[in-house]
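Residue numbers (the UniProt record's numbering), protein chains in the order written: chain H, 1 to 288; chain S, 1 to 288.
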């Protein structure tokens, strides 16, 4: 019998619970969330076996999954260092950035508790435990940042999530944070800037955004995400995000100059390169 | 019996043919395309009733739809002015920008031929006649720029496309070009810049773009579009595009500074505004 405790039953935490309950039946999933409605809903649905508090869930667990935002994860790591956990417990997290989490994890690692960083690369513009689903991560990359976990602890964790058919990728915290900045954090800033700029530029236009077709909606879809979570991400990965935004602004300024100059060859090369890279992306990843 | 001639059987032209064939059975659709394979495929599928040349199709038609790129449309308008068309013919187009087209249309209007500008606000990152489909425009905005058409000609055209349940919006050419720049042309430049910048920034990263999740794919989907078409659009709507790119770069530079400064309130307001605008967009348009 394995007891898993998930702290934070939002989109990610509740989806992990659903996946774990799909697999090995000899697993008890305990859950805790600041929103008691969500916890009760998930309990009624059988997604978790019991609701508990952070301290009670932690001391009973063989695997502790910290599934809140990074700011909560770092606070909880400090709290875990003060509790009497099982000596064989594995603590892991799902935080969107890994440098701050790995630094905070030193507190529990210094107590001899095994910690392994984690980050499933999926999500949605939806939030909350009711939006979670077992197939949220199907075929997605799940980043592992090695900490002090033993091999069999990592294997146990991967076995628990086996139903999701994840692509496990080991990465170091610095590389992780630069990579997710480029493929997730920067795109969120760009999409939000686009929708805000478009709304402002078209505020006196009688037709305005109502005429937007699928392309605009697709490009700005992630701008509907939770502002509090994304503000926290900006504050926890500032250096990578601002440096990559600088590179983006430089490239955008260059192509803008080519458009202003009517430089057909440069413009065509730019769109051609983009088309080839984007088409290649569809061929190397699971979904389109 | 109405004869419709569609010049250009790509994604848009072939989809219009499919829609027209879904409606009134008393319509003959003639088609011409530089790609004879596409024409033969569409003929075999019954999407068009006959293949023809530009001149032959034009002189037989009650409605002529110019469905090529803007550069081709302007050339064809000049050619139409030299042909003996039916006196009751309506000439219309589907070009992505309208100022150049309306200026070129003066040539046919001066001969007493009715011209009406048009632009259906849908599309796809796919191209070509085989990718066309009758539901490509379902519920989409179809812009009309009034030219010299008579009311019954516009009504005939709208009746031909009735199966697509379009939202007809009358607009002037200048407003049209500013609006589509903001909701279509600028987003294409931004998405292409993102994929090119990300590929460059991650070129030495062993994981790289392969880890991209749905958000990145959605944000960059339109970057897979045809480079030749998008180069032509940049050259035909330069002023609106570069001016709106300037506004975008200014706003992006402002939020980048707030992120660099850790200005939580400004960052939160920025994402909050974006979320509200994007959610509102889903509620005011047909699809999510």
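From the three backbone atoms N, C-alpha and C, an ideal C-beta is built for every residue, glycine too.
Cutoff 8 Å: residue i Cβ touching any chain H Cβ
{"i": "residue 98 of chain S", "result": "no"}
{"i": "residue 259 of chain S", "result": "yes"}
{"i": "residue 215 of chain S", "result": "yes"}
{"i": "residue 253 of chain S", "result": "yes"}
{"i": "residue 277 of chain S", "result": "yes"}
{"i": "residue 165 of chain S", "result": "no"}
{"i": "residue 19 of chain S", "result": "no"}
{"i": "residue 114 of chain S", "result": "no"}
{"i": "residue 101 of chain S", "result": "no"}
{"i": "residue 25 of chain S", "result": "no"}
{"i": "residue 169 of chain S", "result": "yes"}
{"i": "residue 131 of chain S", "result": "no"}
{"i": "residue 6 of chain S", "result": "no"}
{"i": "residue 134 of chain S", "result": "no"}
{"i": "residue 281 of chain S", "result": "yes"}
{"i": "residue 16 of chain S", "result": "no"}
{"i": "residue 141 of chain S", "result": "yes"}
Short CB-CB distance (under 8 Å) between residue i and chain S
{"i": "residue 69 of chain H", "result": "no"}
{"i": "residue 218 of chain H", "result": "yes"}
{"i": "residue 272 of chain H", "result": "yes"}
{"i": "residue 1 of chain H", "result": "no"}
{"i": "residue 287 of chain H", "result": "Because the pLDDT of residue 287 of chain H is 42, which lies under 50, any placement of that residue in the model is unreliable, and the question is left without a value."}
{"i": "residue 74 of chain H", "result": "no"}
{"i": "residue 230 of chain H", "result": "yes"}
{"i": "residue 121 of chain H", "result": "yes"}
{"i": "residue 184 of chain H", "result": "yes"}
{"i": "residue 262 of chain H", "result": "yes"}
{"i": "residue 22 of chain H", "result": "no"}
{"i": "residue 46 of chain H", "result": "no"}
{"i": "residue 227 of chain H", "result": "yes"}
{"i": "residue 189 of chain H", "result": "yes"}
{"i": "residue 161 of chain H", "result": "no"}
{"i": "residue 145 of chain H", "result": "no"}
{"i": "residue 12 of chain H", "result": "no"}
{"i": "residue 241 of chain H", "result": "yes"}
{"i": "residue 175 of chain H", "result": "yes"}
{"i": "residue 94 of chain H", "result": "no"}
{"i": "residue 268 of chain H", "result": "yes"}
{"i": "residue 127 of chain H", "result": "no"}
{"i": "residue 148 of chain H", "result": "no"}
{"i": "residue 247 of chain H", "result": "yes"}
{"i": "residue 235 of chain H", "result": "yes"}
{"i": "residue 9 of chain H", "result": "no"}
For residue i, the first and last residue of its enclosing beta strand (DSSP E)
{"i": "residue 170 of chain S", "result": "167 to 170"}
{"i": "residue 7 of chain H", "result": "2 to 7"}
{"i": "residue 143 of chain H", "result": "141 to 145"}
{"i": "residue 30 of chain H", "result": "27 to 32"}
{"i": "residue 63 of chain S", "result": "63 to 66"}
Span of the alpha helix (DSSP H), counted from its first residue to its last, around residue i
{"i": "residue 17 of chain S", "result": "11 to 22"}
{"i": "residue 115 of chain S", "result": "Note, residue 115 of chain S: premise wrong, no alpha helix (DSSP H); beta strand (DSSP E) at 114 to 120."}
{"i": "residue 47 of chain S", "result": "No alpha helix (DSSP H) holds residue 47 of chain S; DSSP gives it neither H nor E."}
{"i": "residue 75 of chain S", "result": "70 to 80"}
{"i": "residue 53 of chain H", "result": "Run containing residue 53 of chain H: none; DSSP gives neither H nor E here."}
{"i": "residue 253 of chain S", "result": "238 to 260"}
{"i": "residue 108 of chain H", "result": "106 to 109"}
{"i": "residue 160 of chain S", "result": "151 to 160"}
Minimum Cβ-Cβ distance from residue i to chain C less than 8 Å
{"i": "residue 158 of chain H", "result": "Although the question refers to chain C, the structure presented lacks it and instead comprises the protein chains H and S."}
Could you tell me which uninterrupted alpha helix (DSSP H) segments, each at least 4 residues in length, are contained entirely in the stretch 177 to 235 of chain S, listed from first to last along the chain? Counting whole runs of 4 or more residues, the stretch 177 to 235 of chain S contains the alpha helix (DSSP H) stretches 186 to 201 and 214 to 220.
The stretch 59 to 78 of chain H touching the stretch 89 to 109 of chain H, judged by at least three CB pairs closer than 8 Å: yes
Can we say the stretch 247 to 265 of chain H touches the stretch 233 to 246 of chain S, given the rule of at least three CB pairs closer than 8 Å? yes
What residues in the stretch 191 to 212 of chain H have a beta carbon less than 7 Å from any beta carbon of chain S? 191, 192, 193, 194, 195, 196, 197, 198, 199, 201, 202, 205, 207, 209, 210, 211 and 212
Give a yes or no on contact between the stretch 167 to 181 of chain H and the stretch 202 to 210 of chain S, applying the rule of three or more CB pairs nearer than 8 Å. Contact between the stretch 167 to 181 of chain H and the stretch 202 to 210 of chain S is present, because at least three Cβ pairs lie under 8 Å.
Taking 8 Å as the threshold, find out whether the stretch 163 to 170 of chain S comes into contact with the stretch 184 to 201 of chain H through three or more Cβ pairs. No, the stretch 163 to 170 of chain S does not touch the stretch 184 to 201 of chain H.
Can you find at least 3 beta carbon pairs, one from the stretch 230 to 237 of chain H and one from the stretch 95 to 104 of chain H, that sit closer than 8 Å? yes
Does the structure place the stretch 148 to 165 of chain S close enough to the stretch 18 to 25 of chain S that three or more beta carbon pairs sit under 8 Å? yes
Should the stretch 142 to 158 of chain H be regarded as contacting the stretch 33 to 49 of chain H, the criterion being three or more beta carbon pairs within less than 8 Å? no
Which residues of the stretch 47 to 63 of chain S have a Cβ closer than 9 Å to any Cβ of chain H? Give them in chain order. So the list is empty, because no residue satisfies the distance condition.
Between the stretch 108 to 118 of chain H and the stretch 131 to 141 of chain H, do at least 3 Cβ pairs fall closer than 8 Å? no
Can at least three beta-carbon pairs, one atom from the stretch 1 to 18 of chain S and one from the stretch 41 to 51 of chain S, be found at a separation below 8 Å? yes
Taking contact to mean 3 or more Cβ pairs, one atom from each stretch, closer than 8 Å, check whether the stretch 211 to 224 of chain S and the stretch 274 to 282 of chain S are in contact. no
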